[in-house]
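Residue numbers (our numbering), protein chains in the order written: chain A, 1 to 109; chain B, 110 to 222. A short write-up of the structure that comes next.
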Amino acid sequence: KNEVEQSPQNLTAQEGEFITINCSYSVGISALHWLQQHPGGGIVSLFMLSSGKKKHGRLIATINIQEKHSSLHITASHPRDSAVYICAVKRGGSEKLVFGKGTKLTVNP
Amino acid sequence: DTAVSQTPKYLVTQMGNDKSIKCEQNLGHDTMYWYKQDSKKFLKIMFSYNNKELIINETVPNRFSPKSPDKAHLNLHINSLELGDSAVYFCASSQERSGSGYTFGSGTRLTVV
């Protein structure tokens with residue numbers, strides 16, 4: 001079993017809908033990252049979290065350290081949000097990032 | 110003015126050849142990485158260097174050899190290429206204390222035929 005599990009694997013939404021992508025992990029971590037991979041292949045770092053909540057534009061990321069769970073929310077989704085969203089955790093005491101398998105989001109107009 | 114640039118973007122080569130992928134970052138970051146993304150789009154760490162020192166070396170065949178001439182560069186040399194090496198290879202950098210996460214290069218799609 002992968003140390004980082006994401007759900008759902010695939011998600012299709014209509015423009016304007018509120019999106020939630022979940023990430024659960026099984027190891028002690030020093031930080032959790034949310035990444036976005038565009039259809040063209042480029043990877044962008046969205047958030048780095050070690051506690052609480054962060055917001056950037058229409059994107060919100062939360063983490064619950066006790067429950068080993070993080071969520072990525074997208075408000076007022078738009079077709080340009082269509083991408084693969086990847087959760088990755090940095091193990092405590094290590095530089096190593098362990099990745100989830102990604103959630104493919106498609107937002108239809 | 111690309112922050113993390115890797116070259117080439119595409120590489121098609123025959124089995125048995127030796128090839129290199131170059132990576133440079135102009136962000137002043139201390140740590141650089143090589144990641145491999147397989148055909149199922151799953152990312153895995155291969156190597157990490159901090160200030161030219163190897164700090165992560167995952168279970169990677171020794172045909173893969175990273176080289177960091179200075180902290181702004183991390184190149185990946187692959188000997189005796191095999192079909193299974195076909196993947197997209199991403200370079201990335203980070204500066205932990207900045208809290209800004211990782212910056213990725215645009216990837217190198219390697220196809221071994």
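Glycine is no exception: its CB is placed at the ideal position from the N, C-alpha and C atoms.
query: Whose C-beta lies closer than 6 Å to the C-beta of Lys153(B) among residues of the same chain, with five residues either side of it excluded?; result: Lys145
query: Please report how far the alpha carbon of Val221(B) lies from the alpha carbon of Thr168(B), in whole angstroms.; result: 21 Å
query: To the nearest angstrom, report how far apart Leu105(A) and Asn135(B) are at their CA atoms.; result: 32 Å
query: May I ask which residues mark the beginning and end of the beta strand (DSSP E) holding Phe47(A)?; result: Ile43 to Leu49
query: Note down the Cα distance separating Leu46(A) from His138(B), rounded to an integer number of angstroms.; result: 18 Å
query: Considering Cα atoms alone, identify which of Ser24(A), Pro39(A) and Gly40(A) is closest to His33(A).; result: Ser24(A)
query: Under 8 Å, with one C-beta from each stretch per pair, do the region 55 to 64 of chain A and the region 119 to 133 of chain B reach the 3-pair mark?; result: no
query: According to the neighbour-count rule (16 or more other Cβ atoms, all chains shown, within 10 Å of its Cβ), is Asp119(B) buried or exposed?; result: This sequence places Tyr at residue 119(B); Asp is not what is there. Counting Cβ neighbours within 10 Å, Tyr119(B) comes out exposed, since fewer than 16 surround it.
query: Just to confirm the assignment, what range does the beta strand (DSSP E) spanning Ser71(A) have?; result: His69 to Ile74
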